[in-house]
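Asks: Right, I'll just put the structure down here and ask away after.
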Amino acid sequence: MFNTVTTHIKHHNPTNLGVDPDLSLVQACLQGDSYAFKKLYQRHHQKVRSTLFQLCGSDGLDDLVQDVFLRAWKGLPKFRQTAQFATWLYRIAFNVASDRRKVLAKMRSQSISVEDEQLANLADVDLGRNSDHQPALTQMHYQDLMQRGLAHLSDDHRAVLVLHDLEELPQKEIAEILAIPVGTVKSRLFHARSAIKKFLEAQGVEL
Amino acid sequence: MKDRNSDEYFDKNFDESFDDPSHQSLLAFMKQNKPIAPSADADFEQRLFAEINKYPQRSPQQTAHQPLKRWLPMMLIIPTAIAALVSLNWINGRNQYQMATNQISDAEKLAIEQSLINSWNMTEDNTLLTASISNASAKDVQILQDLSPLEYE
Chain A
80 MFNTVTTHIK HHNPTNLGVD PDLSLVQACL QGDSYAFKKL YQRHHQKVRS TLFQLCGSDG
140 LDDLVQDVFL RAWKGLPKFR QTAQFATWLY RIAFNVASDR RKVLAKMRSQ SISVEDEQLA
200 NLADVDLGRN SDHQPALTQM HYQDLMQRGL AHLSDDHRAV LVLHDLEELP QKEIAEILAI
260 PVGTVKSRLF HARSAIKKFL EAQGVEL
Chain B
252 MKDRNSDEYF DKNFDESFDD PSHQSLLAFM KQNKPIAPSA DADFEQRLFA EINKYPQRSP
312 QQTAHQPLKR WLPMMLIIPT AIAALVSLNW INGRNQYQMA TNQISDAEKL AIEQSLINSW
372 NMTEDNTLLT ASISNASAKD VQILQDLSPL EYE
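If you read the protein sequences in the order shown, they are chains A and B.
Residue numbering for the first sequence follows this note's numbering, beginning at 80 and increasing consecutively.
Residue numbering for the second sequence follows this note's numbering, beginning at 252 and increasing consecutively.
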């Protein structure tokens with residue numbers, strides 16, 4: 080299970096990261112300007128949505144995204160403006176994903192077995208039927224394999240792999256989001272890659 | 252040599268530009284086949300902001316004064332309640348006194364007064380008696396003190 084992160088970001092070096100372009104919008108939000116929050120939403124919702132999808136799957140994704148932005152809006156007065164807004168938002172997303180995964184831990188295994196069956200049918204019937212659609216279907220198959228590979232990882236490894244290799248966040252930011260040392264991020268990333276590689280190769284993917 | 256599984260080992264030897272050939276093909280595969288999140292419902296944004304508008308943002312000044320506002324009614328209620336209780340108690344005592352005095356007739360008042368005078372006089376007599384006993388005792392003590400050296404000699 081993911082551990083819910085409750086600590087605050089303690090330090091931030093503005094010379095390395097530059098002035099956060101979101102801060103003026105955050106200040107406008109604190110004055111009650113929900114239009115400014117709409118701008119923040121438009122800037123970040125795709126990455127938040129994608130991360131939540133990689134971490135939790137598509138089931139109830141809209142609810143999760145809504146939960147993240149609602150928590151962010153309510154939590155804005157507590158946001159320390161020395162930190163990056165995006166990092167803070169990712170941390171909320173990570174906590175929402177953790178909560179969700181705790182609730183759906185049992186249901187997940189059932190849904191995966193159903194998906195396995197559906198995928199097998201898809202591979203047997205559709206791939207053979209129409210060769211024109213084969214590249215698209217092959218990619219769908221690989222995407223599904225990726226999702227199952229992610230589900231196969233431990234929660235710690237999955238989070239690091241998603242944030243670094245799929246969402247392309249720097250290791251330092253991931254360390255802040257997950258409240259772990261950078262060395263641990265690197266270690267988890269290495270083991271996560273090894274584990275997913277092993278899974279994919281076992282499924283017949285040549286890497 | 253450091254353990255190859257330790258965080259410290261990875262911290263020093265595994266950075267953003269880490270080039271492991273066995274992982275490069277994996278990274279390419281993952282990027283090419285990254286699962287794409289399904290798009291949101293058409294009215295999702297509208298629903299989200301309708302929900303957000305239910306929770307208006309408070310300004311920092313309002314947030315700072317919030318504890319005072321919260322406790323102010325309690326701070327007013329407690330002294331008011333104490334004052335009301337004291338007043339009630341005083342009024343109640345006064346009523347009882349008036350009820351008692353109104354119910355006593357003049358004859359009873361005189362009898363009570365006489366009883367008080369008698370008990371006062373009796374107290375005075377007892378005090379005189381006690382004083383005389385204590386005086387006698389003092390004399391006895393003096394005699395004993397005068398006699399005591401003789402016993403030791």
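No residue lacks a Cβ here, since even glycine has one placed at the ideal position from N, Cα and C.
Rounded to whole angstroms, how far is the Cβ of residue 239 of chain A from the Cβ of residue 268 of chain A, which I believe are closer than 8 Å?
Replies: 5 Å
Asks: Using beta carbons (cut-off 8 Å, strictly below), is residue 105 of chain A in contact with chain B?
Replies: Using a CB distance cut-off of 8 Å, residue 105 of chain A does not count as an interface residue toward chain B.
Asks: Just how far apart, CA to CA, sit residue 278 of chain A and residue 138 of chain A?
Replies: 23 Å
Asks: If the criterion is Cβ atoms closer than 8 Å, does the pair residue 133 of chain A and residue 224 of chain A meet it?
Replies: no
Asks: For chain A, check one thing: does any of its Cβ atoms lie closer than 8 Å to the Cβ of residue 306 of chain B?
Replies: yes
Asks: What distance in whole Å lies between the Cβ atoms of residue 271 of chain A and residue 227 of chain A, which are believed to be in contact at a cut-off of 8 Å?
Replies: About 15 Å; that fails the 8 Å criterion.
Asks: Between residue 152 of chain A and chain B, is there a C-beta pair that is closer than 8 Å?
Replies: yes
Asks: Decide if residue 232 of chain A is buried, meaning its Cβ has at least 16 other Cβ atoms within 10 Å, or exposed.
Replies: buried
Asks: Exposed or buried, which one is residue 303 of chain B when buried takes at least 16 other CB atoms within 10 Å?
Replies: Buried.
Asks: Quick check: is the beta carbon of residue 293 of chain B nearer than 8 Å to any beta carbon in chain A?
Replies: no
Asks: How many angstroms separate the CA atom of residue 91 of chain A from the CA atom of residue 215 of chain A?
Replies: Low confidence applies to residue 91 of chain A: its pLDDT is 43, below 50, so where it sits in the model is not reliable enough to give any reading.
Asks: Using a Cβ cut-off of 7 Å, pull out every chain A residue sitting near residue 301 of chain B, in sequence order please.
Replies: Here the premise fails: no neighbours, minimum Cβ distance about 10 Å.
Asks: Can you tell me whether residue 281 of chain B is buried or exposed, with buried defined as 16 or more other CB within 10 angstroms of its CB?
Replies: buried
Asks: Looking only at its own chain, which residues have a Cβ that is under 7 Å from the Cβ of residue 116 of chain A, when we skip the five neighbours before and after it?
Replies: 108 and 152
Asks: CB residue 123 of chain A to CB residue 144 of chain A, shorter than 8 Å?
Replies: no
Asks: For residue 202 of chain A and residue 274 of chain B, what's the separation of their Cα atoms in angstroms?
Replies: In this prediction, residue 202 of chain A has a pLDDT of 47, which is less than 50 and means its spatial position is unreliable; nothing more can be read from the coordinates.
Asks: Since residue 119 of chain A contacts residue 140 of chain A with CB under 8 Å, what's their CB separation in whole angstroms?
Replies: The pair is not a contact, with the Cβ atoms about 19 Å apart (cut-off 8 Å).
Asks: Roughly how many angstroms lie between the CA atoms of residue 277 of chain B and residue 247 of chain A, to the nearest whole one?
Replies: 15 Å
Asks: Closer than 8 Å by beta-carbon distance: list the chain B residues that pair up with residue 284 of chain A, in chain order.
Replies: Within 8 Å Cβ-Cβ: 280.
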